[in-house]
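Listed in order, the protein sequences are those of chains A and B.
Per my numbering, the first sequence starts with residue 26, numbered consecutively.
Per my numbering, the second sequence starts with residue 26, numbered consecutively.
A short write-up of the structure that comes next.
There are 2 protein chains.
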Amino acid sequence: MIVLRTPKGWTGPKEINGHKAEGSWRSHQVPFSDVRTNPTHLKLLEDWMHGYRPDELFDADGRLVPELRELAPSGGRRMSANPHTNGGLLRRDLKLPDFRDYAVQVPDDQKGKVLCENTRPLGEFLRDVMRNNMTNFRLFGPDETASNRLQAVYEVSKKVWMADLLPEDADGGELSRDGRVMEMLSEHTLIGWLEGYLLSGRHGFFHTYEAFAHVIDSMFNQHAKWLDISKNHVPWRASVASQNILLSSTVWRQDHNGFSHQDPGFIDLVTNKSPSVCRVYLPPDANTLLAVADRCLRSTDCINVIVADKQKHLQFSTIDEAVVHCAKGIGIWGRASNDEGVEPDVVMACCGDVATQEALAATALLREHLPDLKVRFVNVVDLYKLQPASEHPHGSTDREFDALFTTDKPVIFNFHGYPWLIHKLAYRFKNHENLHVRGYKERGNINTPLELAILNQTDRFTLVIDVIDWVPGLAARAAHLKERMKNEIILNLAYAHEHGTDREEITNWVWPL
Amino acid sequence: MIVLRTPKGWTGPKEINGHKAEGSWRSHQVPFSDVRTNPTHLKLLEDWMHGYRPDELFDADGRLVPELRELAPSGGRRMSANPHTNGGLLRRDLKLPDFRDYAVQVPDDQKGKVLCENTRPLGEFLRDVMRNNMTNFRLFGPDETASNRLQAVYEVSKKVWMADLLPEDADGGELSRDGRVMEMLSEHTLIGWLEGYLLSGRHGFFHTYEAFAHVIDSMFNQHAKWLDISKNHVPWRASVASQNILLSSTVWRQDHNGFSHQDPGFIDLVTNKSPSVCRVYLPPDANTLLAVADRCLRSTDCINVIVADKQKHLQFSTIDEAVVHCAKGIGIWGRASNDEGVEPDVVMACCGDVATQEALAATALLREHLPDLKVRFVNVVDLYKLQPASEHPHGSTDREFDALFTTDKPVIFNFHGYPWLIHKLAYRFKNHENLHVRGYKERGNINTPLELAILNQTDRFTLVIDVIDWVPGLAARAAHLKERMKNEIILNLAYAHEHGTDREEITNWVWPL
Numbered sequence: 026m027i028v029l030r031t032p033k034g035w036t037g038p039k040e041i042n043g044h045k046a047e048g049s050w051r052s053h054q055v056p057f058s059d060v061r062t063n064p065t066h067l068k069l070l071e072d073w074m075h076g077y078r079p080d081e082l083f084d085a086d087g088r089l090v091p092e093l094r095e096l097a098p099s100g101g102r103r104m105s106a107n108p109h110t111n112g113g114l115l116r117r118d119l120k121l122p123d124f125r126d127y128a129v130q131v132p133d134d135q136k137g138k139v140l141c142e143n144t145r146p147l148g149e150f151l152r153d154v155m156r157n158n159m160t161n162f163r164l165f166g167p168d169e170t171a172s173n174r175l176q177a178v179y180e181v182s183k184k185v186w187m188a189d190l191l192p193e194d195a196d197g198g199e200l201s202r203d204g205r206v207m208e209m210l211s212e213h214t215l216i217g218w219l220e221g222y223l224l225s226g227r228h229g230f231f232h233t234y235e236a237f238a239h240v241i242d243s244m245f246n247q248h249a250k251w252l253d254i255s256k257n258h259v260p261w262r263a264s265v266a267s268q269n270i271l272l273s274s275t276v277w278r279q280d281h282n283g284f285s286h287q288d289p290g291f292i293d294l295v296t297n298k299s300p301s302v303c304r305v306y307l308p309p310d311a312n313t314l315l316a317v318a319d320r321c322l323r324s325t326d327c328i329n330v331i332v333a334d335k336q337k338h339l340q341f342s343t344i345d346e347a348v349v350h351c352a353k354g355i356g357i358w359g360r361a362s363n364d365e366g367v368e369p370d371v372v373m374a375c376c377g378d379v380a381t382q383e384a385l386a387a388t389a390l391l392r393e394h395l396p397d398l399k400v401r402f403v404n405v406v407d408l409y410k411l412q413p414a415s416e417h418p419h420g421s422t423d424r425e426f427d428a429l430f431t432t433d434k435p436v437i438f439n440f441h442g443y444p445w446l447i448h449k450l451a452y453r454f455k456n457h458e459n460l461h462v463r464g465y466k467e468r469g470n471i472n473t474p475l476e477l478a479i480l481n482q483t484d485r486f487t488l489v490i491d492v493i494d495w496v497p498g499l500a501a502r503a504a505h506l507k508e509r510m511k512n513e514i515i516l517n518l519a520y521a522h523e524h525g526t527d528r529e530e531i532t533n534w535v536w537p538l
Numbered sequence: 026m027i028v029l030r031t032p033k034g035w036t037g038p039k040e041i042n043g044h045k046a047e048g049s050w051r052s053h054q055v056p057f058s059d060v061r062t063n064p065t066h067l068k069l070l071e072d073w074m075h076g077y078r079p080d081e082l083f084d085a086d087g088r089l090v091p092e093l094r095e096l097a098p099s100g101g102r103r104m105s106a107n108p109h110t111n112g113g114l115l116r117r118d119l120k121l122p123d124f125r126d127y128a129v130q131v132p133d134d135q136k137g138k139v140l141c142e143n144t145r146p147l148g149e150f151l152r153d154v155m156r157n158n159m160t161n162f163r164l165f166g167p168d169e170t171a172s173n174r175l176q177a178v179y180e181v182s183k184k185v186w187m188a189d190l191l192p193e194d195a196d197g198g199e200l201s202r203d204g205r206v207m208e209m210l211s212e213h214t215l216i217g218w219l220e221g222y223l224l225s226g227r228h229g230f231f232h233t234y235e236a237f238a239h240v241i242d243s244m245f246n247q248h249a250k251w252l253d254i255s256k257n258h259v260p261w262r263a264s265v266a267s268q269n270i271l272l273s274s275t276v277w278r279q280d281h282n283g284f285s286h287q288d289p290g291f292i293d294l295v296t297n298k299s300p301s302v303c304r305v306y307l308p309p310d311a312n313t314l315l316a317v318a319d320r321c322l323r324s325t326d327c328i329n330v331i332v333a334d335k336q337k338h339l340q341f342s343t344i345d346e347a348v349v350h351c352a353k354g355i356g357i358w359g360r361a362s363n364d365e366g367v368e369p370d371v372v373m374a375c376c377g378d379v380a381t382q383e384a385l386a387a388t389a390l391l392r393e394h395l396p397d398l399k400v401r402f403v404n405v406v407d408l409y410k411l412q413p414a415s416e417h418p419h420g421s422t423d424r425e426f427d428a429l430f431t432t433d434k435p436v437i438f439n440f441h442g443y444p445w446l447i448h449k450l451a452y453r454f455k456n457h458e459n460l461h462v463r464g465y466k467e468r469g470n471i472n473t474p475l476e477l478a479i480l481n482q483t484d485r486f487t488l489v490i491d492v493i494d495w496v497p498g499l500a501a502r503a504a505h506l507k508e509r510m511k512n513e514i515i516l517n518l519a520y521a522h523e524h525g526t527d528r529e530e531i532t533n534w535v536w537p538l
């Protein structure tokens, strides 16, 4: 590496109209712009340009003289062809273990009943990804690897640490001079490291608390723009591994941290950037998270954002079902639905782990209390399935969207993030006018899980009320059920305030059907 | 100020199960959680709690003993009542000059014809705001005060500078030990300074290149959350001055900087935060910018985001018209419309300076070539006027929205930012299904202004085509005009590629009617 320090505007005019130019802030601007009308400035420009002695550099036809042309490197020494700058040339596919081997066992009679921390199996998968790729894979995160339940990776490689070591660090500190886990409470530094690592041909995985992904918004924007141009306009640039970003410790489970840690808006930002490079996944359970992570680690030239919480959640899918569901990106969940063979009265849709749980709980209530109501249950893993195929490579055609969401039935959509993001994506589809979205709307504090859901109207009781309000004819005959739901909201809020926890029947709720 | 450095977990257990706790990372976690089931840990907790000698601190009823109670400060010495922490108590209104005195003169026959750099009169206004308030107002910005055309402030106060001074700095460096203009190429530092300044009872104004506002996304989020809680849930907290953020050097005029400087998405982020504290204004010209800035400087407990470019733009409003237009926040522009007294065939709507110019140019083309087409021209200054009144204090009622946009006519909306933001705001209104929005969609490079508009389909010709496509009956009879518009797009792109500038008729376009 050569570091060359020069005066700003070096070799330009030393002075312009008596003001210092070379070596001053004036050389950061256009030093003078009126050469068409000001002969003095035109002369200054001419002298400046002649200062480079073009007569000696170019021949009579304006071509660079041969001696200089020969100085330019050729072949692999050209900057664009050099693997130091075109790092994708060095990229080798990761040696990936089979993600199915890390699956949570979800027997048929335990679906929606068994609990698991969604990110813990992912940690075990990433441990073996690292074990198989000890020269070209690293994990990046602020000091949250254990908090986000990915600590299995420490079995293979520790946190890299270059500063002093204390005796007690040997006891669980997980520090090492040659560790491959990059931790620092600076999201900026981490994402910068990751970018450099990817652009030099390696692979990586970044994770952070969801709310603090906004710290790297601007860096994400620039990387997305760089990828878009590289992929679509610079054919000589070799593909690089995708930037994989896991957002965990999400908005709905910040029971101790509160309002400051509640912000699901990073994906709003992502959906503004080029569709050719952006992907967003919200797997509802541990096995779908494994399937999504495997896909992301195999992909190139994208930014993959995965939103998945670290807490214990209900598990819905066997690994084989997860593979199919993630391949489709969106699908009907048969067991939760009761509309097979007929038109549904309502579509209950959801996206995100906690949002899915509450939508399922609402569906169970509806099926118990309004057994003749035909409910279709749709889960979304791949957020871009909600955009038209004309707008995103993962988008849905009208036929696909209409088949799932109907063209005229109410759709109650429970979303992990800000609710209007769904409208922003799906507004072109025919049934958009019947789409009613719930999501986070900046109502939060140090709340119990149900209390937070109620404040933002993403809870099971509000969703049941939404169905009663929007399905034609239900308002009159289901008024008593609606009343009970309103009672439940009041009673559960009161319980949460008094006890600081949710009722056992809420905390221990499982899918009953 | 007292700085007290203590071991982490000081006064907690020194060791837990043989592992170091006090003074180690373990004290950042929950040190042990199984006290209900583990008698050893219960004893450890009991000993720990007894370590604080509660017998000496509380009386038999559990009340703090009088000697300790008396230690707590009273009245203005309480932390919440102390102006050092509740800085709003110290806030005095700014002594504001009359913003009308800084107006651009726009004679009736010069509307849409005279040019002005939109932010330059604002700089003169801010100069005198500073002059009148030399102890409680500061301007904050990365090294762009001159670039954003606000340099008139240097007539009153310079950039504060604490490091070495060179002789040439006296020549235009605008540096001073006691300057009140805070410049540093670190948006983080600046917005942190501004927050501290506001929270201690003073006033300020921050400006930055639009694309780089994302650097402070996370800090914006936290300040918005803090304001929301303070304003709505903490009655003792006195109001503080609003955080005023000007985004200039915007996406549409990055002719030299290109793609990396094109990002109008900061306002997408703003619209996710609490409606009670967020405001967004897109004044179309210099006089509306003055009226908006005056309003922002008078407001409290808000974050006001103003989007206004620094380049020369056409001027549309006298200062009196600007006052009325900004007070409404949205309105019909009579001179551009020809539908008075009848139902319009189409509503041409726009928001943002460049977007307004292109929408006007499209309207002029329509009125020239399709004189019997009834066009209503609507301009939006206050972005939240596009949300329902139920969602934002500045929102529109159905009646207000429907009156402007009709309930069944096509609306062609030319927007400064990402187009889907308008759908995100307005999706609840009846005529949403006829709303067709153009805006920036990540298609850019080092382009001429018209070329950039064409690539993103916000140009006059595309807007005319949109009208022909969406107004029933026009497709057939206006096919020739549509064909000419397509030709114009191709020819203008070719010209821009060949000459690196737009045609004179584009660059010098003025409103013709």
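For each residue, glycine too, the CB sits at the ideal point set by N, CA and C.
* To do: Leaving out five residues on either side along the sequence, give the residues of the same chain with a beta carbon under 6 angstroms from the beta carbon of A/T487.
  => Position 462 of the first sequence, counted from the first residue, corresponds to residue 487 of chain A. So no residue of the chain qualifies.
* Count the other CB atoms within 10 Å of the CB of A/I490; is the residue buried (16 or more) or exposed (fewer)? -> In the first sequence, counting from the first residue as 1, residue 490 of chain A sits at position 465. Around the CB of A/I490, 16 or more other CB atoms lie within 10 Å, so the residue is classed as buried.
* To do: Out of A/P38, A/K256, A/A236 and A/L223, state which residue places its alpha-carbon closest to the alpha-carbon of A/L271.
  => As a first step, residue 271 of chain A is located in the first sequence; it is residue number 246 there, counting from the start. The residue with the shortest Cα to Cα distance from A/L271 is A/A236.
* To do: Would you verify that the beta carbon of B/N246 is, or is not, closer than 8 angstroms to some beta carbon of chain A?
  => Translated into the one-based positions of the second sequence, residue 246 of chain B becomes position 221. It does: the Cβ of B/N246 has a partner Cβ on chain A nearer than 8 angstroms.
* The beta strand (DSSP E) spanning A/G356 covers which residue range? -> Residue 356 of chain A sits at position 331 when you count from the first residue of the first sequence. Judged by DSSP secondary structure, A/G356 falls within the beta strand (DSSP E) whose first and last residues are I355 to I357.
* Contacts that B/V240 makes with chain A (C-beta to C-beta distance below 7 angstroms) -> For this step, residue 240 of chain B is matched to residue 215 along the second sequence. Close to B/V240, with beta-carbon spacing below 7 angstroms, are these residues of chain A in chain order: S243.
* Which listed residue (B/V28, B/R323, B/M209 and B/T381) has its alpha carbon closest to that of B/R9 -> Since the first residue shown for chain B is 26 and the last is 538, residue 9 of chain B is missing from the structure and cannot be characterised.
* To do: Could you tell me which chain A residues have their CB closer than 9 angstroms to the CB of B/L294, listed as they occur along the chain?
  => As a first step, residue 294 of chain B must be located in the second sequence, where it is residue number 269. Near B/L294 (Cβ distances below 9 angstroms), the residues of chain A are H239, D242, G290, D293 and L294.
* To do: Kindly list, in the order they appear in chain A, the residues whose Cβ is closer than 8 angstroms to that of B/H542.
  => A question about residue 542 of chain B goes unanswered here, because the residues of chain B that appear run from 26 up to 538.
* Asked: Taking 8 angstroms as the CB-CB cut-off, is B/I344 touching chain A?
  -> For the purposes of this step, residue 344 of chain B is identified with residue 319 of the second sequence, where counting begins at 1. Against chain A, the CB of B/I344 has no partner CB under 8 angstroms away; the residue lies outside that interface.
* Asked: Taking Cβ positions, are B/Q336 and B/G469 nearer each other than 8 angstroms?
  -> The sequence position of residue 336 of chain B within the second sequence is 311, counting from 1. The sequence position of residue 469 of chain B within the second sequence is 444, counting from 1. It is not a contact, given that the beta carbons lie outside the stated cut-off.
* Give every residue of the same chain whose Cβ lies closer than 8 angstroms to the Cβ of B/V367, excluding the five residues on either side of it in the sequence, and list them in chain order. => Within the second sequence, numbered from 1, the residue matching residue 367 of chain B stands at position 342. Exclusion of the five residues before and after B/V367 leaves K399 as the residues of its chain whose Cβ lies within less than 8 angstroms of its Cβ.
* Around the Cβ of A/E81, are there at least 16 other Cβ atoms within 10 angstroms (buried) or fewer (exposed)? -> To locate residue 81 of chain A, count along the first sequence from 1; it is residue 56. Burial call: exposed.
* To do: With a threshold of 16 other CB atoms inside 10 Å of the CB of A/W277, please say whether the residue is buried or exposed.
  => Against the first sequence, residue 277 of chain A aligns to sequence position 252. Label assigned to A/W277: buried.
* To do: Could you please tell me which residues of the region 402 to 422 of chain A, in chain order, have their CB closer than 7 angstroms to any CB of chain B?
  => Residues of the region 402 to 422 of chain A whose Cβ lies closer than 7 angstroms to any Cβ of chain B: none.
* Can the beta-carbon of A/L119 be found less than 8 angstroms from the beta-carbon of A/N158? -> Indexing the first sequence from 1 puts residue 119 of chain A at position 94. Indexing the first sequence from 1 puts residue 158 of chain A at position 133. Yes, Cβ-Cβ distance for A/L119 and A/N158 is below 8 angstroms.
* Asked: Using CA coordinates, which residue listed in B/N42, B/M26, B/A380 and B/A46 is at the minimum distance from B/W35?
  -> Mapped onto the second sequence, residue 35 of chain B falls at position 10. The shortest C-alpha separation from B/W35 is found at B/A46.
* A/I328 CB to nearest chain B CB: under 8 angstroms? -> Here residue 328 of chain A is taken as the residue at index 303 of the first sequence, counted from 1. A/I328 does not count as touching chain B.
* Asked: Can a CB atom of chain B be found closer than 8 angstroms to the CB of A/Y452?
  -> Reading the first sequence from its first residue, position 427 is the one you call residue 452 of chain A. Output row for A/Y452: interface = yes.
* Asked: How should A/T144 be labelled, buried or exposed, when 16 other C-beta atoms within 10 angstroms of its C-beta is the threshold for buried?
  -> On the first sequence, residue 144 of chain A is found 119 positions in, with the first residue counted as 1. Buried, because 16 or more other Cβ atoms sit within 10 Å of the Cβ of A/T144.
* To do: Have a look at B/R78 and B/A85 and give me their C-alpha separation to the nearest angstrom.
  => As a position in the second sequence, residue 78 of chain B is number 53, starting the count at 1. As a position in the second sequence, residue 85 of chain B is number 60, starting the count at 1. Going by C-alpha positions, B/R78 is about 13 angstroms away from B/A85.
* Asked: Among residues of its own chain, excluding the 5 on either side of B/S299, which ones have a beta-carbon nearer than 7 angstroms to its beta-carbon?
  -> Looking up residue 299 of chain B in the second sequence gives position 274. If we look at B/S299 and ignore the five residues flanking it on each side, its Cβ neighbours are A249 and D253.
* Asked: Can you list, in chain order, the residues of the region 258 to 291 of chain B whose Cβ is nearer than 7 angstroms to any Cβ on chain A?
  -> For the region 258 to 291 of chain B, which is checked against every Cβ of chain A, the residues closer than 7 angstroms are F284, S285, D288 and G290.
* What are the residues that DSSP puts in a beta bridge with A/F165? -> Start at 1 with the first residue of the first sequence, and residue 165 of chain A comes out as number 140. In the DSSP output, where bridge partners are listed per residue, A/F165 has A/M207 and A/F231.
* To do: Label A/E523 either buried or exposed according to how many other C-beta atoms from any shown protein chain fall within 10 Å of its C-beta, with 16 as the threshold for buried.
  => Mapped onto the first sequence, residue 523 of chain A falls at position 498. Exposed: under 16 other Cβ atoms inside 10 Å.
* Asked: CB-CB under 7 angstroms to A/N107, same chain, minus the five flanking residues each way: which ones, in chain order?
  -> Taking the first sequence and counting its residues from 1, one reaches residue 107 of chain A at position 82. Counting only residues of its own chain and dropping the five nearest sequence neighbours on each side, A/N107 has a CB closer than 7 angstroms to the CB of G101.
* Asked: So, helix, strand or coil for B/Y465, using DSSP?
  -> Taking the first residue of the second sequence as position 1, residue 465 of chain B is located at position 440. Look at B/Y465 here: in three-state DSSP terms it is coil, with no helix or strand label.
* Asked: Smallest Cα separation from A/C375: which of A/R463, A/F245 and A/D123?
  -> Position 350 of the first sequence holds residue 375 of chain A. Of the candidates A/R463, A/F245 and A/D123, the one whose C-alpha sits nearest the C-alpha of A/C375 is A/R463.
* To do: Name, please, each residue of chain B whose Cβ falls closer than 7 angstroms to the Cβ of A/C49.
  => Translated into the one-based positions of the first sequence, residue 49 of chain A becomes position 24. Checking the sequence, you will find Ser at residue 49 of chain A rather than Cys. In chain order: E193.
* List the DSSP bridge partners of A/H338. => Counting from 1 along the first sequence, the entry for residue 338 of chain A is found at position 313. Looking at the DSSP assignment, A/H338 forms a beta bridge with A/C141.
* **B/C327, DSSP secondary structure in three states** => Position 302 of the second sequence, counting from 1, holds the residue named residue 327 of chain B. DSSP places B/C327 in coil when its eight states are reduced to three.
* Rounded C-beta distance between A/E208 and A/D168? I'm assuming under 8 angstroms. -> To locate residue 208 of chain A, count along the first sequence from 1; it is residue 183. To locate residue 168 of chain A, count along the first sequence from 1; it is residue 143. That belief holds up - the Cβ atoms of A/E208 and A/D168 are roughly 5 angstroms apart, short of 8 angstroms.
* Asked: In whole angstroms, what is the alpha-carbon distance linking A/M244 and A/L294?
  -> To locate residue 244 of chain A, count along the first sequence from 1; it is residue 219. To locate residue 294 of chain A, count along the first sequence from 1; it is residue 269. Rounded to whole angstroms, A/M244 to A/L294 spans 12 angstroms at the Cα level.
* Selection of the region 295 to 313 of chain B by Cβ proximity to chain A, strictly under 9 angstroms -> Cβ contacts with chain A: T296, N297, K298, S299 and P300.
* In chain B, which residues lie less than 7 angstroms from A/H448 when you measure between Cβ atoms? -> Taking the first residue of the first sequence as 1, we reach residue 448 of chain A at position 423. The answer, in chain order, is H448, K449 and Y452.
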